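Chemist:
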Amino acid sequence: MCNNKDKQLKSETNTEIFEDNKNQLNAILYQNRPNPFDSKTEILCTIPLNASSAQLFVYNLEGMQLKKIEILDKGVTSIIIDGSALKAGMYLYTLVVDNLEIATKRMILTK
Numbered sequence: 000m001c002n003n004k005d006k007q008l009k010s011e012t013n014t015e016i017f018e019d020n021k022n023q024l025n026a027i028l029y030q031n032r033p034n035p036f037d038s039k040t041e042i043l044c045t046i047p048l049n050a051s052s053a054q055l056f057v058y059n060l061e062g063m064q065l066k067k068i069e070i071l072d073k074g075v076t077s078i079i080i081d082g083s084a085l086k087a088g089m090y091l092y093t094l095v096v097d098n099l100e101i102a103t104k105r106m107i108l109t110k
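So for the sequence shown, numbering that gives the first Met the number 0 puts the first residue at 0; every next one is plus one.
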């Protein structure tokens with residue numbers, strides 16, 4: 000026979016972490032539009048309100064960094080990539096917030 004008086008369930012909630020996070024945005028990287036593109040494309044991203052730093056990096060498929068864009072705005076931000084100096088092909092772009100890589104996506108430049 001099981002005696003429930005001998006068993007106690009312990010439940011803890013770290014409300015401090017919850018309170019810190021509930022009013023802040025998550026970092027998000029969206030797919031560029033249009034994709035493929037022939038001259039310029041727009042990349043949207045969301046930068047948390049408490050972020051200290053944010054950058055968007057553009058790489059070729061060999062891993063060479065071609066662009067580094069400092070993002071100063073918080074919330075939803077639009078970045079225009081001018082592909083006029085780039086060759087046609089596939090490129091990768093990566094969002095980094097507070098030295099953490101958030102996501103990497105692909106974009107295709109046609110000419």
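Don't be surprised by glycine CBs; every beta carbon is placed ideally from N, CA and C. All values derive from a computational prediction rather than experimental measurement.
#1: By the 10 Å Cβ neighbour count, where 16 or more other Cβ atoms means buried, how is N98 classified, buried or exposed?
#2: Starting from the C-beta of N123, find all residues in its chain whose C-beta is less than 8 Å away, skip the five residues before and the five after it, and write them out in chain order.
#3: Taking the alpha carbon of L94 as the point to measure from, which residue in R105, L85 and A84 has its own alpha carbon closest?
#4: What would DSSP say about G74, mapped onto helix, strand or coil?
#5: Nearest by alpha-carbon distance to L85: which of I101, S51, Q54 and M63 is it?
#6: Starting from K39, trace the beta strand (DSSP E) both ways and give me its first and last residue.
#7: Which whole-angstrom value describes the C-beta separation of P35 and T109, a residue pair presumed to lie in contact below a C-beta threshold of 8 Å?
#8: CB-CB under 8 Å to A50, same chain, minus the five flanking residues each way: which ones, in chain order?
#9: How would you label Q53, buried or exposed, when you count the other beta carbons within 10 angstroms and need 16 or more for buried?
#10: Determine the DSSP secondary structure at T93, reduced to helix, strand or coil.
#11: Assign I42 to buried or exposed, taking buried as 16 or more other Cβ atoms, counted over all protein chains shown, within 10 Å of its Cβ.
Modeler: Reading from the atomic positions:
#1: Here residue 98 is taken as the residue at index 99 of the sequence shown, counted from 1. Answer is exposed; the Cβ neighbour count stays below 16.
#2: This structure cannot settle anything about residue 123, because the visible part of the chain is limited to 0 through 110.
#3: Locating residue 94 in the sequence shown gives position 95, counting from the first residue. The candidate whose alpha carbon is nearest that of L94 is R105.
#4: On the sequence shown, residue 74 is found 75 positions in, with the first residue counted as 1. In the structure shown, G74 sits in a strand (DSSP, three-state: E or B).
#5: Start at 1 with the first residue of the sequence shown, and residue 85 comes out as number 86. Check the Cα spacing between L85 and each of I101, S51, Q54 and M63: the tightest is with M63.
#6: Taking the sequence shown and counting its residues from 1, the one referred to as residue 39 is at position 40. K39 to I46 is the extent of the beta strand (DSSP E) around K39.
#7: The residue labelled residue 35 in the question sits at position 36 within the sequence shown. The residue labelled residue 109 in the question sits at position 110 within the sequence shown. Yes, they are in contact, since the Cβ atoms of P35 and T109 sit about 5 Å apart, within 8 Å.
#8: As a first step, residue 50 is located in the sequence shown; it is residue number 51 there, counting from the start. For A50, the CB contacts under 8 Å within the same chain, skipping 5 residues up- and downstream, are A26, K73, V96 and D97 in chain order.
#9: Mapped onto the sequence shown, residue 53 falls at position 54. For clarity, residue 53 is Ala in the given sequence; the question names Gln instead. Classification for A53: buried.
#10: By one-based count along the sequence shown, residue 93 stands at place 94. T93 falls in the strand class under three-state DSSP.
#11: Position 43 of the sequence shown, counted from the start, is the residue given in the question as residue 42. I42 comes out buried.
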